[in-house]
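Chemist: Numbering (our numbering), first residue to last: 9 to 362.
Where is the CB? At the ideal position from N, CA and C, for every residue including glycine.
Can you read through this structure? Questions will come right after.
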Ligand code: NAD
Ligand code: DAU
């Protein structure tokens with residue numbers, strides 16, 4: 009048996025593959041286009057591992073995907089591939105439409121054809137797991153109940169709208185064609201290998217470089233943080249025991265305002281890598297112009313996956329953040345390698361005029 013993972017060179021996909029092969033011996037094919045966010049260094053420890061194969065390519069490339077499905081006959085496809093950064097979707101939504109909607113559609117078409125040609129036993133064992141986000145539900149008022157699986161979709165950014173579209177397509181392929189689709193909607197992840205355009209790694213990198221820590225708006229926007237290996241464990245659990253056609257919300261019961269996150273990072277760096285002048289990294293905090301359409305609050309009700317599949321996060325925010333900051337401090341080469349000219353261009357584009 010084999011699984012096909014798409015987007016496996018990104019942050020969550022690479023953590024998923026590493027965790028998968030630590031837990032099991034079932035081989036993994038990783039199909040990834042290697043955009044700016046894809047990084048094969050994340051998977052360097054798998055070099056020479058016969059259980060792992062990498063294929064560079066696009067989920068929207070039908071001949072390539074058809075060929076992979078035919079050649080490897082995976083018993084499951086797990087779709088992580090996406091453009092994933094909200095700020096980039098505001099500056100340029102085109103790539104998000106192309107990968108997250110058109111690419112997901114092409115992938116679904118290939119998988120549908122593959123699935124329909126399987127024998128009955130293989131057909132009912134097959135799974136297509138679509139990895140999605142809590143952002144499809146839009147923004148919550150401060151005292152509103154957390155998002156359940158039946159919450160109305162109300163995406164507010166080009167990124168979340170494109171993910172919502174792919175969720176709807178995945179659902180339709182289950183209802184119309186009987187494809188055994190599972191969808192997961194997860195909250196904000198953090199941990200090793202996250203590209204430093206996202207809040208937590210960006211703040212670590214900027215703090216260490218003596219740069220300002222840019223807080224959008226008043227910094228009181230709330231996110232529900234989950235350590236990445238808990239997300240990976242939840243996906244494995246949904247793949248093993250989730251019911252086709254169902255969606256599962258995944259979250260850490262861990263709502264925090266952005267400002268608290270940045271102060272916690274500054275506190276850990278003060279302890280582990282004190283500034284030469286003895287002052288706190290917290291002094292580098294700078295309030296900058298808000299993100300357009302910025303969602304005020306996300307919160308996940310993870311009751312369904314806990315009740316039905318007995319999944320629970322293993323990390324608290326305190327333990328997960330310590331592991332994360334430690335990982336970035338211990339991997340300066342990884343960080344140096346991802347901060348290419350293209351990364352610097354992005355910082356200029358997103359922050360220069362804020
Ligand atoms: P990421 O941006 O770090 O990685 C995305 C990966 O997809 C990269 O390796 C990239 O090269 C690849 N990719 C992009 N376009 C592709 C294409 N057309 N064909 C093949 N590969 C392509 O993203 P991430 O943070 O690891 O997120 C992975 C998935 O999880 C996404 O679908 C995202 O929407 C979802 N998600 C992310 C979070 C989070 O907090 N990061 C939370 C919930 C859900
Ligand atoms: O909720 C799940 C989503 O979480 C995923 O679907 C996305 O792929 C992932 O990128 C993430 O989206 P966010 O927009 O919440 O993550 P980001 O790290 O970009 O921002 C987190 C919060 O921090 C958000 O309120 C914006 C704020 N922020 C972010 C950056 C980069 C700042 O205040 N300053 C910054 O410089």
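1. Under DSSP, the beta strand (DSSP E) around residue 40 begins and ends at which residues?
2. If we require 4 or more residues per run, which alpha helix (DSSP H) segments fall completely within the segment 41-115?
3. Measure the C-alpha to C-alpha separation of residue 247 and residue 14 and round it to an integer number of angstroms.
4. Kindly list the residues whose CB is nearer than 6 Å to the CB of residue 111, restricted to its own chain and excluding five residues on each side of it in sequence; keep chain order.
5. State the DSSP-derived secondary structure class of residue 203, mapped to helix, strand or coil.
6. Nearest by alpha-carbon distance to residue 311: which of 215, 97, 157, 124 is it?
7. If we count the other Cβ atoms within 10 Å of its Cβ and call it buried at 16 or more, is residue 8 buried or exposed?
8. Using the C-alpha atoms, what's the distance from residue 105 back to residue 170?
9. How big is the Cα-Cα spacing for residue 143 and residue 35?
10. Could you check the C-alpha separation between residue 199 and residue 331 for me, to the nearest Å?
11. Would the beta-carbon of residue 87 fall within 9 Å of that of residue 138?
12. Does the beta carbon of residue 325 fall short of 8 Å from some heavy atom of the ligand NAD?
13. Spatial neighbours of residue 250 within its chain, please: CB distance less than 7 Å, with the 5 preceding and 5 following residues excluded, ordered by chain position.
14. Would you call the segment 51-63 and the segment 81-99 in contact, with 3 or more CB pairs under 8 Å?
15. With residue 308 as the anchor, note down where its beta strand (DSSP E) starts and where it stops.
16. How many angstroms separate the CA atom of residue 119 from the CA atom of residue 25?
17. So what's residue 285 in DSSP terms, helix, strand or just coil?
18. By alpha-carbon positions, which one of 46, 45, 37 ends up nearest to residue 60?
19. Could you give the residue range of the beta strand (DSSP E) that holds residue 232?
20. Which residues in the same chain have their Cβ closer than 7 Å to the Cβ of residue 146, if we skip the five residues on either side of it in sequence?
21. Should residue 141 be listed as close to the ligand DAU, given that the test is whether its C-beta is under 8 Å from any heavy atom?
22. Would DSSP call residue 264 helix, strand or coil?
23. So what does DSSP say about residue 136, is it helix, strand or coil?
24. Which one of 12, 328, 20 has the shortest CA to CA distance from residue 136?
25. For my contact list, residue 266 and residue 223 are in at a C-beta cut-off of 8 Å; report their separation, rounded to the angstrom.
26. State yes or no: is the C-beta of residue 94 nearer than 8 Å to some heavy atom of the ligand DAU?
27. Using only the alpha-carbon positions, how far apart do residue 128 and residue 280 sit?
28. Put residue 324 into one of helix, strand or coil per three-state DSSP.
29. Where does residue 249 sit, in a helix, a strand or coil, going by DSSP?
30. Using DSSP with H/G/I as helix, E/B as strand and the rest coil, what is residue 154?
Modeler: Considering the structure as presented:
1. Counted from its first residue, the chain shown places residue 40 at position 32. Unbroken beta strand (DSSP E) run through residue 40: 36-40.
2. 70-80, 94-99
3. Within the chain shown, numbered from 1, the residue matching residue 247 stands at position 239. Within the chain shown, numbered from 1, the residue matching residue 14 stands at position 6. Their backbone Cα atoms lie some 15 Å apart in a straight line.
4. Position 103 of the chain shown, counting from 1, holds the residue named residue 111. Answer for residue 111: 67, 68, listed in chain order.
5. Taking the chain shown and counting its residues from 1, one reaches residue 203 at position 195. It is coil, neither helix nor strand.
6. For the purposes of this step, residue 311 is taken as the residue at position 303 of the chain shown. Nearest option by C-alpha distance: 157.
7. In this structure the chain extends from 9 to 362, so residue 8 is not present and cannot be described.
8. As a position in the chain shown, residue 170 is number 162, starting the count at 1. As a position in the chain shown, residue 105 is number 97, starting the count at 1. Those two C-alpha atoms are separated by around 6 Å.
9. If you number the chain shown from 1, residue 143 lands on position 135. If you number the chain shown from 1, residue 35 lands on position 27. Cα to Cα, residue 143 sits roughly 31 Å from residue 35.
10. Residue mapping note: residue 199 aligns to position 191 of the chain shown, counting from 1. Residue mapping note: residue 331 aligns to position 323 of the chain shown, counting from 1. Whole-angstrom Cα-Cα distance: 7 Å.
11. As a position in the chain shown, residue 87 is number 79, starting the count at 1. As a position in the chain shown, residue 138 is number 130, starting the count at 1. Yes.
12. Taking the chain shown and counting its residues from 1, one reaches residue 325 at position 317. Not under cutoff, so the answer is no.
13. Within the chain shown, numbered from 1, the residue matching residue 250 stands at position 242. Counting only Cβ-Cβ distances below 7 Å, and skipping sequence neighbours, we find 190, 256, 317.
14. no
15. In the chain shown, the residue the question calls residue 308 occupies position 300. That residue, residue 308, is in no beta strand (DSSP E); it is neither H nor E in DSSP.
16. Numbered from its first residue, the chain shown carries residue 119 at position 111. Numbered from its first residue, the chain shown carries residue 25 at position 17. Cα to Cα, residue 119 sits roughly 20 Å from residue 25.
17. Position 277 of the chain shown, counted from the first residue, corresponds to residue 285. Coil.
18. In the chain shown, counting from the first residue as 1, residue 60 sits at position 52. Looking at the Cα atoms, 37 is the closest of the given residues.
19. Position 224 of the chain shown holds residue 232. Residues 230-235.
20. Taking the chain shown and counting its residues from 1, one reaches residue 146 at position 138. The residues are 162, 163, 164, 303.
21. One-based indexing of the chain shown puts residue 141 at position 133. At least one heavy atom of the ligand DAU is nearer than 8 Å to the Cβ of residue 141, so yes.
22. On the chain shown, position 256 is the one that residue 264 refers to. DSSP places residue 264 in strand when its eight states are reduced to three.
23. Here residue 136 corresponds to residue number 128 of the chain shown, with the count starting at 1. Strand.
24. The residue labelled residue 136 in the question sits at position 128 within the chain shown. The option with the nearest alpha carbon to residue 136 is 12.
25. Counting from one through the chain shown, the residue named residue 266 turns up at place 258. Counting from one through the chain shown, the residue named residue 223 turns up at place 215. Their Cβ separation, rounded to whole angstroms, is 6 Å, which keeps residue 266 and residue 223 in contact under 8 Å.
26. Counting from one through the chain shown, the residue named residue 94 turns up at place 86. Yes.
27. Sequence index remark: in the chain shown, residue 128 carries index 120 (1-based). Sequence index remark: in the chain shown, residue 280 carries index 272 (1-based). So the two alpha carbons sit approximately 57 Å from each other.
28. As a position in the chain shown, residue 324 is number 316, starting the count at 1. Here residue 324 sits in coil by DSSP.
29. For the purposes of this step, residue 249 is identified with residue 241 of the chain shown, where counting begins at 1. In the structure shown, residue 249 sits in a helix (DSSP, three-state: H, G or I).
30. The residue labelled residue 154 in the question sits at position 146 within the chain shown. Coil at residue 154, not helix or strand.
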